[in-house]
Amino acid sequence: MINMDKFKMKYRKRITPWYFYPPIGVLGSNREEINLRERSELQDSSSLYVHIPFCASICTYCGFYRTISLKKEKLLEAYLIALEKEIVMYAKTPYVKSLKFGAVYFGGGTPSVLSSTQLERLLEICKREFNLSDNAQITIEGNSSSLDETKLSKILLKGFNRLSLGVQTFNDAIGKSLNLPHSWHQAIKIIEQARNIGYRNISIDLMYNLPGETLEIWEDDLKKAIALGVDHVTVFFLSVLPNTLLEQQLKDNRILPIGSRDKEIKMYELAIKTLTGAGYLQERLTDFVKSEVEGWVYGRLRAACTDVVGLGAGAFGYLNHYLYHNLRSIDGYINAVKDRQFPINISKKISVVEEMHGFMAVGLRDLKVNKQKFKKRFGLEAQDVFYDTLNRLESKGWIELTDEEIRLSYLGMLWAVEVCREFYSPEVRTLLGKIGCNKTKDFWKDKLSRLIKRIGSY
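Residue numbers for the sequence shown follow this note's numbering, beginning at 408 and rising by one.
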């Protein structure tokens, strides 16, 4: 029998996830040279991430690295030139030459603020310089305020085959309070246009537990997504990040409050029930996809801890066992590339032991870890390496063990990031404690706030 009250006391709030392991903050100021002189021995597909840190406006909750693009044409063009040079720098290395890429992801920021010509130029360079598979999934993030039929048609013809739209909510009152750059009518219009043009994989992001949001409003958002027939729905709970306008608005009572942790969990459960009830498959913690559509390949590859070439200011990457984070400053990034230097701010080689911890901690975001894939990667059985942790989590009802998989239970899904953290190594736990985020209740204290200022938010 699971003692839910005791469980809830331990975890006073659900933790905002880190998307790489170990969390980049524990690496300090290390800048180790990444060994790209040898060929990769891994046979798995790799992925490209291209960061476009420009937006037409800034949403109040956003903690990603970005800047207003309006009236900054010269800076934007200088950035794109630097990005093209960085692409070529990586493509010339023996290690990257040996990689086969199954996914390309243009993220931001808002990549759709670029013109169709600029987007086509970047993608053509990626195709020319990197070994993309014939069926590579190529995604662009965007929103309806910076997309139209003409741009959608042109970039589809050039190879962008998956569209990810940051809708967040179809409720205009809530959207306005968050400074979203579109109305629900605009969001619906661009989804319908994209479908008519020929996009066969359309994804939207929806956020829940927003200021003033009720369960009824959230259910209406989910039903609108289903009615529109979008192929992929990603649901996120709202994280109030430090040093954002939203954080200050909430402190000053200038915006309606967000819901409690229990309400947040109810909203997640409602999303699972509503979307799976409409025929969507839950592909990972936050992602629901139609059964007849290919899922999010970039997300799947990242969860499998495969190589990621991260390009652009503030981008994260993982190459040849090295985790790295690029310079966040656009000017600093441009100047580094001008000097023919990889624009890396932090980088560190990750040990095999830490990679095993990461395979579990990140892999469970996909709901399950395949035991055979773990053994193929590391030559060891996951149940031997994590015997005590797995038995403890199974006895508490957080995971289920089968002959083939280590799988999150329903309870484990609700608190998945907390469960994933059980696989963090003792060394990483110690370092997280030193920067003030090992305990849930202290997760966003001042030390982490300063950390985010320095290295950026995930």
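Glycine residues also receive a C-beta, built at the ideal position from the N, C-alpha and C atoms. Model, not experiment: these values are computed from the prediction.
Here Y502 has N442, L443, R444, E445, R446, S447, L726 and N727 as same chain residues with Cβ atoms under 8 Å from its own Cβ, once five neighbours each way along the sequence are excluded. Listed in chain order, the alpha helix (DSSP H) elements of length 4 or more contained wholly in the segment 744-788 are 759-770 and 778-785. In this chain, the alpha helix (DSSP H) harbouring A823 covers A823 to R828. Here L645 is not near Y512, since their CB atoms are 9 Å or more apart. Straight through space, the alpha carbons of Y606 and N568 are spaced by roughly 6 Å.
The beta carbon of Y831 sits closer than 7 Å to those of H764 and A768, all from its chain and outside the five residues before and after it, given in chain order.
Taking 8 Å as the upper bound for CB-CB distance, I604 and P518 are not in contact here, some 18 Å apart. The beta strand (DSSP E) runs lying completely inside the segment 604-689 and spanning 3 residues or more are 609-615, 639-644 and 687-689, given in chain order. With respect to the C-alpha of L787, the residue from I806, F766, K803 and R772 having the closest C-alpha is F766.
Cβ-Cβ separation between L455 and V716: approximately 5 Å, consistent with a contact (criterion under 8 Å).
Contact annotation, I609 with I598: C-beta distance approximately 6 Å; criterion of less than 8 Å satisfied.
Each of M820, E654 and D795 was checked against the Cα of E690, and the nearest Cα belongs to M820. Each residue's CA atom was taken as its position, placing T713 and L449 some 9 Å apart.
Closest in alpha carbon position to N578, among T546, C533 and D627, is D627.
Here D773 is buried: its Cβ has 16 or more other Cβ atoms, across all protein chains shown, within 10 Å.
Between E439 and K755, the C-beta spacing is below 9 Å. In the same chain as E536, and ignoring 5 residues on each side of it, the C-beta atoms closer than 7 Å to its own belong to I494, V495 and A498, in chain order. Annotated as distal: G566 and L521, with beta-carbon spacing of 9 Å or more. When the alpha-carbon of K783 is set against those of L622, C466 and A711, the nearest one is in A711.
With a 10 Å radius around the Cβ and a threshold of 16 neighbouring Cβ atoms, S758 comes out exposed. DSSP lists S571 as the bridge partner or partners of E548. Excluding residues up to 5 positions away in sequence, N733, L734, Y740, A743 and V744 lie with their Cβ nearer than 6 Å to the Cβ of P750 in the same chain. A direct Cα-to-Cα measurement between K778 and E807 gives close to 13 Å. A Cβ-Cβ contact shorter than 9 Å links T693 with F643. The C-beta separation of L708 from A510 comes to about 6 Å, placing the pair in contact by the 8 Å criterion. Of the residues G549, G686, A601 and V696, the one whose Cα lies closest to the Cα of S560 is A601. Assignment of S454 by DSSP, reduced to helix, strand and coil, places it in the strand class. Between the beta-carbon of I813 and that of K775 there is about 6 Å, and that keeps the pair under the 8 Å contact cut. According to DSSP, V696 shares a beta bridge with H639 and L688.
For D579, the three-state secondary structure derived from DSSP is helix.
Among the bridge pairs identified by DSSP, V715 is matched with S454 and Y725.
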